[in-house]
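Quick note on the working numbering: the sequence shown kicks off at 4 and runs consecutively.
Virtual Cβ for every residue (Gly too), placed ideally from N, Cα, C.
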Amino acid sequence: MLSNPKSADMQCKYAYKECYNMRTFKRDGDLHRLCEYHRNKANALQKIYATKRRGELRALKRQLAQEGSTVPYDFVKVEIKVEELSNEEPLYFAVDDDCDIVCLFDESELQPIDVFTTTEVLSDDEYAYLSAVL
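Structural data, given as structure tokens:
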């Protein structure tokens with residue numbers, strides 16, 4: 004075990020067994036929790052897990068698409084009470100045509116698209132979109 008407390012702070016914090024390698028530095032100068040070896044190992048496992056998860060989600064989307072493109076909804080009769088507007092109340096409308104489209108999306112659902120990717124295969128979502136558009 005390291006006797007110097009300063010050295011102990013620099014030691015890799017790998018959880019499953021003691022590692023005597025030194026922790027690596029982040030780009031901003033702070034310390035990572037792990038040494039370079041354990042960081043690479045953890046990143047590789049995370050990449051495998053993420054790839055597997057994306058594959059499972061794509062398979063689920065394909066299965067749902069094959070079962071039918073329409074989603075059954077329970078229709079509920081809604082009564083709307085229409086009130087007359089007085090002529091004194093001005094009505095405001097959006098001048099920007101893009102507002103109608105932008106308002107349909109929740110910003111938390113939007114994900115950036117990496118247009119500079121080296122991937123030559125379309126995802127299921129991309130394929131479905133292009134099939135619908137073209």
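By alpha-carbon distance to residue 27, the top candidate from 21, 51, 14 and 62 is 14. In this structure, the alpha-carbon of residue 128 lies about 26 Å from that of residue 47. Looking from the CA of residue 16, the closest CA among 31, 32, 30 and 40 belongs to 40. Membership of residue 70 in the alpha helix (DSSP H) is indicated by the continuous run 39-70.
Shown here, residue 34 sits in a strand according to DSSP, grouped into three states. In this structure residue 37 is buried. Its beta-carbon is surrounded by 16 or more other beta-carbon atoms within 10 angstroms.
By a beta-carbon distance limit of 8 Å, residue 35 does not contact residue 44. Their separation comes to about 13 Å. Following the DSSP letters along the chain, one finds residue 125 in no alpha helix (DSSP H), marked with neither H nor E.
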